[in-house]
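Start counting the sequence shown at 1; every next residue gets the next number (the UniProt record's numbering).
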Amino acid sequence: MSEPTKPEASQNPDLENGHVELNAEQAEAAAKADVEQEIEQELAEQQAQTGEGEGLTVAQLLEQLEAEKAKVAEQQDGVVRAKAEVENMRRRAAMDVEKAHKFALERFANELLPVVDNMELALQHANHEDEALKPMIEGVELTLKTLLSAIEKNGLEIFEPLNEAFDPARHQAMGMQEVEGVAPNTVIAVMQKGYELNGRLIRPAMVMISKAASVDTSA
């Protein structure tokens, strides 16, 4: 009686349990192919239901998706730029309003300054010893005080630079005079007060300034 024949051992070391073992790269490629096939199948089913996008591949659909994303990004960029432009317009409008307000105040102040000058001159030349003129003088003083208070509340500042160093940016020299013991270019008299509105010069002070003593060269 013959012994039962033993099955021959597999000549291929990669065969085991009746199937081929795939290496890591082959397994990854196969899994990717399965996923793509599954996606294509799902898209095909959706296209069949909606009737849209017939014949498009996954790559084409992804390309369309990227194109739509680019459109959305462009629209978002446009919205951001539009908001920035609106903000710039708002700031420019606010600056224009502020400039118009300052210009109106400056023009109004310039129109009032001659009135202030005339009232101050009237008080300087009035006879304060005359009892009959005292009520009128007091009325002018009160009116001048009220007027100056009102315009100062709107940013008008008065400066009278007596004994200060001459500043050509704020002072207008009407003449020069030698004064013993006084340094040259010092304001020795204020003929008309200066005015600034919100830090901006609207009228320089008219002044008389000292000059250096002349040197006698005749000796």
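From the three backbone atoms N, C-alpha and C, an ideal C-beta is built for every residue, glycine too.
Open item on the list: My output table needs one value for T186: the three-state DSSP class, helix, strand or coil.
Closed with: Numbered from 1 along the sequence shown, position 186 holds the residue referred to as residue 186. The answer is strand: DSSP assigns T186 an E or B state.
TODO: Compare the Cα-Cα distances from L197 to each of E85, L62, Q76 and R107 and report the closest residue.
DONE: Taking the first residue of the sequence shown as position 1, residue 197 is located at position 197. It is R107 whose Cα lies nearest to the Cα of L197.
Open item on the list: Quick check on G78: does DSSP put it in helix, strand or coil?
Closed with: On the sequence shown, residue 78 is found 78 positions in, with the first residue counted as 1. Helix at G78.
Task: Segment contact, 8 Å Cβ cut-off, at least three pairs: the stretch 158 to 174 with the stretch 201 to 209 - done: yes
Open item on the list: Excluding the 5 residues flanking D117 on each side, which residues of the same chain have their C-beta closer than 8 Å to its C-beta?
Closed with: Residue mapping note: residue 117 aligns to position 117 of the sequence shown, counting from 1. Closer than 8 Å at the Cβ level, and outside the excluded window around D117, lie Q192.
Open item on the list: What does the alpha-carbon distance come out to for the pair G53 and A70?
Closed with: Against the sequence shown, residue 53 aligns to sequence position 53. Against the sequence shown, residue 70 aligns to sequence position 70. Low local confidence applies: a pLDDT of 49 at G53 is under 50, so the model's placement there is unreliable, and no value is given.
Open item on the list: Going by the DSSP bridge assignment, what does S210 pair with across the sheet?
Closed with: The residue you call residue 210 lines up with position 210 of the sequence shown. According to DSSP, which records beta bridges pairwise, S210 is partnered with Q177.
Task: Anticipated Cβ contact below 8 Å, V190 with L162, distance rounded - done: For this step, residue 190 is matched to residue 190 along the sequence shown. For this step, residue 162 is matched to residue 162 along the sequence shown. Contact holds; Cβ gap of about 5 Å.
TODO: Leaving out five residues on either side along the sequence, give the residues of the same chain with a beta carbon under 7 Å from the beta carbon of L113.
DONE: For the purposes of this step, residue 113 is taken as the residue at position 113 of the sequence shown. Closer than 7 Å at the Cβ level, and outside the excluded window around L113, lie Y195 and R203.
- [ ] Using the Cα positions of A212 and P184, report the straight-line distance between them to the nearest angstrom.
- [x] For this step, residue 212 is matched to residue 212 along the sequence shown. For this step, residue 184 is matched to residue 184 along the sequence shown. In a straight line, the C-alpha of A212 is about 5 Å away from that of P184.
Open item on the list: Whole angstroms are fine: how far does the CA of A94 sit from the CA of residue 220?
Closed with: Given a span of 1 to 219 for the chain in the structure shown, any question on residue 220 remains unanswerable.
Open item on the list: Given this structure, state the Cα-to-Cα distance separating F159 from A165, to the nearest angstrom.
Closed with: Within the sequence shown, numbered from 1, the residue matching residue 159 stands at position 159. Within the sequence shown, numbered from 1, the residue matching residue 165 stands at position 165. F159 and A165: Cα-Cα distance of roughly 13 Å.
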